[in-house]
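Numbering (our numbering), first residue to last: 125 to 253.
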């Protein structure tokens with residue numbers, strides 16, 4: 125949601141982001157929270173949007189939450205969002221094959237991802253469409 129507030133030039137940039145561009149991208153969870161806060165029926169999910177880049181080990185952003193301090197829904201969204209990003213073609217790289225995505229999820233289970241959610245995801249990965 126918050127990426128709607130960021131210039132397409134930055135979102136679609138093929139080269140390395142500047143430090144300022146990276147800081148702006150890292151603000152998209154907070155921007156998304158502000159967007160949904162204005163919509164009554166979306167207000168209950170604003171925390172999930174704000175915290176979808178928090179890492180299970182506390183190294184994420186914007187609030188540095190860890191473990192169960194991150195809403196379950198945000199932890200699920202974090203893995204789903206990361207998987208979608210890995211599988212997708214983006215301006216600077218092609219999408220990764222499924223086996224590489226699973227390898228990354230295993231690698232970051234317990235640090236970026238909730239290990240329980242990663243375990244469930246790996247046991248039943250999405251089928252190719």
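The beta carbon of each residue, even a glycine, is placed where N, CA and C say it ideally should be.
How far does the alpha helix (DSSP H) with residue i in it extend, from its first residue to its last?
| i | result |
| --- | --- |
| residue 159 | 152–161 |
| residue 146 | 143–149 |
| residue 221 | Careful: residue 221 lies outside any alpha helix (DSSP H) and carries neither H nor E. |
| residue 244 | 239–247 |
Does the distance from the C-beta atom of residue i to that of residue j stay below 7 Å?
| i | j | result |
| --- | --- | --- |
| residue 157 | residue 170 | yes |
| residue 160 | residue 173 | yes |
| residue 200 | residue 241 | yes |
| residue 138 | residue 221 | no |
In or out: residue i buried (at least 16 other Cβ within 10 Å) or exposed?
| i | result |
| --- | --- |
| residue 225 | buried |
| residue 165 | exposed |
| residue 213 | exposed |
Would the stretch 228–237 count as touching the stretch 203–216 if we require 3 or more Cβ pairs under 8 Å? yes
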